[in-house]
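Report on the structure given below.
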Amino acid sequence: MDFALSEEQVAIFDMARAFGADRIAPHARDWERQGTIPRDLWPELAALGFGGLYVSEEAGGAGLSRLDATLVFEALAMSCASVAAFLSIHNMCARMIDSYGSDALKARLLPGALSMQTVLSYCLTEPGSGSDAAALKTRAVATDDGWSLSGTKAFISGGGYSDAYIVMARSGQEGPKGISAFIVEAGTPGLSFGGLEDKMGWRCQPTRQVNLDGATIPQGNLLGEEGKGFSYAMAGLDGGRLNIAACSLGAAQAALDATLAYMAERHAFGQRLDQFQALQFRLADMAIEMEAARVLLRQAAWKLDTGAPDATTACAMAKKFVTEVGSRVADQCLQLHGGYGYLADYGIEKIVRDLRVHQILEGTNEIMRLIVARGMVGR
Numbered sequence: 182m183d184f185a186l187s188e189e190q191v192a193i194f195d196m197a198r199a200f201g202a203d204r205i206a207p208h209a210r211d212w213e214r215q216g217t218i219p220r221d222l223w224p225e226l227a228a229l230g231f232g233g234l235y236v237s238e239e240a241g242g243a244g245l246s247r248l249d250a251t252l253v254f255e256a257l258a259m260s261c262a263s264v265a266a267f268l269s270i271h272n273m274c275a276r277m278i279d280s281y282g283s284d285a286l287k288a289r290l291l292p293g294a295l296s297m298q299t300v301l302s303y304c305l306t307e308p309g310s311g312s313d314a315a316a317l318k319t320r321a322v323a324t325d326d327g328w329s330l331s332g333t334k335a336f337i338s339g340g341g342y343s344d345a346y347i348v349m350a351r352s353g354q355e356g357p358k359g360i361s362a363f364i365v366e367a368g369t370p371g372l373s374f375g376g377l378e379d380k381m382g383w384r385c386q387p388t389r390q391v392n393l394d395g396a397t398i399p400q401g402n403l404l405g406e407e408g409k410g411f412s413y414a415m416a417g418l419d420g421g422r423l424n425i426a427a428c429s430l431g432a433a434q435a436a437l438d439a440t441l442a443y444m445a446e447r448h449a450f451g452q453r454l455d456q457f458q459a460l461q462f463r464l465a466d467m468a469i470e471m472e473a474a475r476v477l478l479r480q481a482a483w484k485l486d487t488g489a490p491d492a493t494t495a496c497a498m499a500k501k502f503v504t505e506v507g508s509r510v511a512d513q514c515l516q517l518h519g520g521y522g523y524l525a526d527y528g529i530e531k532i533v534r535d536l537r538v539h540q541i542l543e544g545t546n547e548i549m550r551l552i553v554a555r556g557m558v559g560r
């Protein structure tokens, strides 16, 4: 069993990390204050192949494995977890279009998605259905010309910012088998947005409600087969959970690296902070947890890549464990900075704020435990 990354994988990680250090990290605090990410950043990422990381090569994508993709998100999150996570959402949507879209839909949407001239968002959660996603109320009614969608989606990253939205809506019976997936493009009649949400973290990502009031779309904007939308959504979330875990890992590693540098310079009681044995133990505990998280994440990605029967369980395990380790490590790094960790100038408090939501989205960590438990004892 070989746990080492290949030369190509190391190069992918290094390329993403260098881009983040050059083009994201110097601006992350400004973007957070502005509440948005400049649109011209995305084509630069797309030029590296990051607009379609696991879109097939036949469709023009990079055709990377899920493990390769986690390296990209881990590396980018070392500069800003919020930017990296937004890119993950776009990639999940692009993969769904590549996997389930008709030839006509792929020909129309994928070129823009891969160049990131078209930014994609994902709309599953509603004000009344979060973890119980199959209870969603948004309706899709067939018309002579296509579909009419009505309902509200909540907590949508890119709401009012993105160019197209993959919307899960009920086109049939109650329960998961009545849900279909649709593409709703910006400018569609009946599509509107709520006010900008004032969030604890991920503040550079514009987040709004997405309102559909008889939004009319053509028949060709049905993604895949009617009634299969929920299964598409759940399949997409396995990879999304790996990505969000990778974002936690990268940001926490950045916090730990900054903390090591700080402790090597900071003196108290006549010696450097990193020479106190009690603090060395805390550093060691963080390093051990981070390495365990990294191995678990990469094993889960490998299982998803190889189609292992327990891949969904492995992704849930990794998402739960890695996001909690990331938050714990970031919090400890803030503590080791003392009062300086609480100041924005040092960047640690932003990491703490950004990582907290990772335990909630892509399926709460309570739902991750439920998935693991059901794999052990059945429903």
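Residue numbers (the numbering used here): 182 to 560.
Glycine residues also receive a C-beta, built at the ideal position from the N, C-alpha and C atoms.
Everything numeric in this text was worked out from a predicted model, so none of it was measured.
query	result
Please report how far the alpha carbon of Leu234 lies from the alpha carbon of Ser269, in whole angstroms.	9 Å
May I ask you to report which of helix, strand or coil DSSP gives Glu595?	With the chain running from 182 to 560 in the structure shown, residue 595 is simply not present.
Rounded to whole angstroms, how far is the Cβ of Glu255 from the Cβ of Gly431, which I believe are closer than 8 Å?	4 Å
If I measure Cβ to Cβ from Arg463 and keep anything under 8 Å in the same chain, skipping five residues before and after, which residues do I get?	Gln513 and Leu517
Decide if the region 465-478 is in contact with the region 419-437; the criterion is three or more beta carbon pairs, one per stretch, under 8 Å apart.	yes
What three-state label does DSSP hand Met349 in the structure shown?	strand
Around the C-beta of Phe411, are 16 or more other C-beta atoms found within 10 angstroms, so that it is buried, or is it exposed?	buried
Name the DSSP bridge partner or partners of Ser412?	Its beta-bridge partners do not exist; DSSP assigns none.
Report the three-state DSSP secondary structure of Tyr235 (helix, strand or coil).	coil
Using three-state DSSP, classify Cys304 as helix, strand or coil.	strand
Taking all protein chains shown into account, decide if Tyr523 is buried (16 or more other Cβ within 10 angstroms of its Cβ) or exposed.	exposed
Please state whether DSSP places Glu355 in a helix, a strand or coil.	coil
Can you give me the start and stop residues for the beta strand (DSSP E) that Lys334 sits inside?	Gly327 to Ser338
How would you call Glu505, buried or exposed, if buried means at least 16 neighbouring beta carbons within 10 angstroms?	buried
Could you tell me how far apart the beta carbons of Gln390 and Thr324 are, in whole angstroms, since I believe they sit closer than 8 Å?	Incorrect: roughly 24 Å between the Cβ atoms, too far for contact.
Could you pull out every residue in the same chain whose Cβ sits closer than 7 Å to the Cβ of Ala227, ignoring the five residues on either side in sequence?	Leu295, Ser296 and Met297
Along the chain, where does the alpha helix (DSSP H) containing Gln215 start, and where does it finish?	Ala209 to Gln215
Classify Val533: buried if its beta carbon has 16 or more other beta carbons within 10 angstroms, exposed otherwise.	buried
Which residue's Cα is closest to the Cα of Asp326: Gln458, Arg289 and Leu403?	Leu403
Could you tell me how far apart the beta carbons of Gly359 and Gly311 are, in whole angstroms, since I believe they sit closer than 8 Å?	The pair is not a contact, with the Cβ atoms about 19 Å apart (cut-off 8 Å).
Pair every Cβ in the region 200-208 with every Cβ in the region 252-266, then say whether three or more of these pairs are closer than 8 Å.	yes
Smallest Cα separation from Ala414: which of Leu477, Met196 and Thr493?	Thr493
Indicate whether Ala474 and Thr251 have their beta-carbon atoms separated by less than 9 Å.	no
Report back the beta-carbon spacing between Phe267 and Ser338 to the nearest angstrom; my notes put them in contact at under 8 Å.	6 Å
With a cut-off of 8 Å on the beta carbons, I'd call Glu378 and Thr369 a contact; round off their distance for me.	With a Cβ gap of about 22 Å, Glu378 and Thr369 do not count as contacting.
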